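In this note's numbering, the protein residues as written are 1 to 103.
The beta-carbon is built from N, C-alpha and C at its ideal position, and this holds for glycine as well.
All figures in this text were calculated on a predicted structure; none of them were measured in a lab.
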């Protein structure tokens, strides 16, 4: 079971701690990138697929930085963020390895 399947916050939890919104957005961007990276095409279609993959990768990378630098407001948020990040694949994390001390 992935970290993405472990915890799904309630609307009330998101109202108390915005980290749940940040986590959910990261999940969405990860799914979009994964789907885009799975596309295969030839010729001109490859260039279009490659462009989409690049755009979704950029969005995911930028939001990964937001995710890692976000500070949970509740202990429930701390636990959720820790569990979520622990289960991420390398491509879902920020490119900059300097994020470890932040976390």
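Following the DSSP letters along the chain, one finds residue 70 in no alpha helix (DSSP H), marked with neither H nor E.
When DSSP states are grouped into helix, strand and coil, residue 34 belongs to the helix group. Separation of the CB atoms of residue 33 and residue 56 is rounded to 4 Å, and the pair is thereby assigned contact status at 8 Å. Annotated three-state conformation of residue 58 is helix, per DSSP.
Distance from the CA of residue 29 to the CA of residue 95, rounded to the nearest whole angstrom, comes to 15 Å.
Secondary structure of residue 83 (DSSP, three-state): helix.
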